[in-house]
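If you're matching positions, the sequence shown starts at 18 in the numbering used here and goes up one per residue.
Read through the structure below, which is laid out as structure tokens, and then see the notes.
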Amino acid sequence: MSDKEKLYEGKAKILYKGSRPNTIIQYFKDDATAFNNVKKGTIAGKGIINNKITELVMTRLGQIGIATHFIERLSDREQLCHAVQIIPLEVIVRNTVAGTMAKKFGIEEGTRLSRPIIEFSLKDDALGDPIIPENHILALEITTDEEMIEILETTAKINDFLRGLFAGIGLELIDFKLEYGRFNGEDGEQYLVLADEFSPDNCRLWDFETREKMDKDRFRRDLGGEVEAYQEVARRLGISLETEDK
Ligand SMILES: Nc1ncnc2c1ncn2[C@@H]1O[C@H](COP(=O)(O)OP(=O)(O)OP(=O)(O)O)[C@@H](O)[C@H]1O
Ligand SMILES: [Mg+2]
Numbered sequence: 018m019s020d021k022e023k024l025y026e027g028k029a030k031i032l033y034k035g036s037r038p039n040t041i042i043q044y045f046k047d048d049a050t051a052f053n054n055v056k057k058g059t060i061a062g063k064g065i066i067n068n069k070i071t072e073l074v075m076t077r078l079g080q081i082g083i084a085t086h087f088i089e090r091l092s093d094r095e096q097l098c099h100a101v102q103i104i105p106l107e108v109i110v111r112n113t114v115a116g117t118m119a120k121k122f123g124i125e126e127g128t129r130l131s132r133p134i135i136e137f138s139l140k141d142d143a144l145g146d147p148i149i150p151e152n153h154i155l156a157l158e159i160t161t162d163e164e165m166i167e168i169l170e171t172t173a174k175i176n177d178f179l180r181g182l183f184a185g186i187g188l189e190l191i192d193f194k195l196e197y198g199r200f201n202g203e204d205g206e207q208y209l210v211l212a213d214e215f216s217p218d219n220c221r222l223w224d225f226e227t228r229e230k231m232d233k234d235r236f237r238r239d240l241g242g243e244v245e246a247y248q249e250v251a252r253r254l255g256i257s258l259e260t261e262d263k
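Structure, rendered in structure tokens:
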């Protein structure tokens, strides 16, 4: 790792400069945080699992025509991606009520919504990632109108696809968080692409039959068994966790 230029160290990943121009390497750590960094710990092997789950999800989304930053997985914990300018929004999709929404409205967790919700938080740790309405995003010019339309359409497509993907392996996709970025194409045009990661760190997955939580809530809520839950999600997706690094 030492020969690579470190660009940024976040809570779950380290970004390094990629070997090709305008690329970055995402290195997935085992570190886990919750409640805006108040709770800290590690989940053994999480980085390897999240790297491989993200690879699978980004690859499948690419196959259905969704532009992503993903280029290729390089090793157990690293993947090469196009460098993008991250739009400072957490794009949150909810299919079933859980977490902050359950608390805020006093609704029982697990209540299925009559239609999916897409909502936004401003990516700003110092402010605690506050929820931001769409009209604020547009008035503050965080996105253009065109970008907002594309974000909403693409996110809805991703939700439909991933709900089906996870339902097929007995998992209910309760909610999840996405990040988008602006990618400068070789043709001089700017494109909206899906960036960051998709893993049990950023979504809720419940077993359809047992209603068992198979995601970071196991860590957040001290339920135990987080390593096994992440491994089980990978296993059901058909991902091998055999190490490939020498
Ligand atoms: N293709 C990309 N180009 C540039 N930055 C990216 C790309 N994909 C993801 N990122 C950014 O890299 C960082 C990944 O690190 P990590 O997920 O650990 O951050 P974090 O601690 O969660 O902080 P943040 O609140 O910024 O997400 C994030 O800030 C994410 O927005
Ligand atoms: Mg992050």
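Positions of the beta carbon are idealized from the N, C-alpha and C atoms, including for glycine.
May I ask whether a heavy atom of ligand 1 can be found less than 7 Å away from the beta carbon of residue i?
i: Glu163; result: no
Return the chain-ordered list of same chain residues with a C-beta closer than 6 Å to the C-beta of residue i, the five sequence neighbours on each side being excluded.
i: Glu136; result: Ile109
i: Phe200; result: His99, Val101, Tyr208 and Val210
i: Pro38; result: none
i: Ile134; result: Arg111
i: Val74; result: Phe215
i: Ile41; result: Leu32, Gly35, Cys98 and Ala100
i: Ile148; result: Ser138
i: Thr71; result: Glu214, Phe215 and Ser216
i: Asn176; result: Val110 and Pro133
i: Ala51; result: Arg237
Taking C-beta to C-beta, are residue i and residue j nearer than 8 Å?
i: Met231; j: Leu182; result: no
i: Glu89; j: Gln80; result: no
i: Asn53; j: Asp141; result: no
i: Arg94; j: Tyr25; result: no
i: Lys56; j: Lys46; result: no
i: Ile83; j: Thr160; result: no
i: Gly198; j: Ile104; result: yes
i: Asn67; j: Ser216; result: yes
i: Ala246; j: Arg235; result: yes
i: Gly116; j: Asp239; result: no
i: Leu106; j: Ile154; result: yes
i: Glu196; j: Ala212; result: yes
i: Ile186; j: Arg253; result: yes
i: Lys233; j: Ala119; result: no
So with Cβ pairs under 8 Å, would you call residue i a contact of chain B?
i: Val55; result: The structure shown has no chain B; it contains just one protein chain.
Mapping DSSP to helix, strand and coil, what is residue i?
i: Ile149; result: coil
i: Arg37; result: coil
i: Glu101; result: Checking the displayed sequence, the identity of residue 101 turns out to be Val instead of Glu. Of the three classes helix, strand and coil, the one that applies to Val101 here is coil, per DSSP.
i: Lys230; result: strand
i: Thr85; result: strand
i: Lys21; result: coil
i: Phe215; result: coil
i: Phe225; result: coil
i: Gly255; result: coil
i: Leu144; result: helix
i: Val114; result: coil
i: Thr59; result: strand
i: Thr128; result: coil
i: Ala49; result: strand
i: Arg90; result: strand
i: Gly198; result: strand
i: Glu164; result: helix
i: Glu72; result: helix
Leaving out five residues on either side along the sequence, give the residues of the same chain with a beta carbon under 8 Å from the beta carbon of residue i.
i: Glu167; result: Leu209
i: Glu151; result: Phe137 and Met165
i: Ile124; result: Val114 and Met118
Take residue i and list the residues in its own chain whose beta-carbon comes closer than 7 Å to its own, dropping the five residues that flank it on each side.
i: Leu190; result: Asn112, Leu179, Arg180, Phe183, Cys220 and Leu222
i: Val244; result: Ile60, Ala61 and Gly62
i: Thr85; result: Met75, Leu78, Gly79, Val210 and Leu211
i: Gln248; result: Ile66 and Leu258
i: Lys28; result: Asp48, Thr50 and Asn54
### Shell residues, 7 Å Cβ cut-off relative to heavy atoms of ligand 1
Tyr25, Gly27, Lys28, Ala29, Lys30, Leu32, Ile41, Gln43, His86, Cys98, His99, Ala100, Val101, Ile103, Lys140, Asp142, Glu196, Gly198, Ala212, Asp213 and Glu214
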